[in-house]
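S.K.: In the numbering used here, the protein residues as written are 139 to 205.
Don't be surprised by glycine CBs; every beta carbon is placed ideally from N, CA and C.
#1: Figure out for me which residue from 157, 191, 174 has the closest Cα to the Cα of residue 199.
#2: Here's the rule I'm using: 16 or more other beta-carbon atoms within 10 Å means buried, otherwise exposed. How should residue 195 be labelled?
#3: With a floor of 4 residues, list each alpha helix (DSSP H) that falls wholly inside the region 141-177, ordered by position along the chain.
#4: When you compare only the Cα positions, how much space is there between residue 149 and residue 182?
#5: Any idea which residues DSSP pairs residue 184 with across the strands?
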């Protein structure tokens, strides 16, 4: 069973806190475990909070119908 399934509010709060404290690590681990990739990403997350510019999973390729 995935560690990303919150069984209760405490689990949810812990997962949420992890996702905020290190989003690249959290979402990279989640994506690696939960999806099948044709090509793994070069960078999980690139963002600049001073501009509306967010890039997720740069360089990655997947077929979402497989997942």
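M.R.: Walking through what the data contain:
#1: Locating residue 199 in the chain shown gives position 61, where the first residue counts as 1. Ranking 157, 191, 174 by Cα distance to residue 199 puts 174 first.
#2: As a working note, residue 195 is residue 57 in the chain shown. Buried is the label assigned to residue 195, since at least 16 other Cβ atoms lie within 10 Å of its Cβ.
#3: Correct list: 147-159, 161-172.
#4: Sequence index remark: in the chain shown, residue 149 carries index 11 (1-based). Sequence index remark: in the chain shown, residue 182 carries index 44 (1-based). C-alpha of residue 149 to C-alpha of residue 182: approximately 24 Å in a straight line.
#5: Position 46 of the chain shown holds residue 184. According to the DSSP secondary-structure assignment, residue 184 is paired through a beta bridge with 193.
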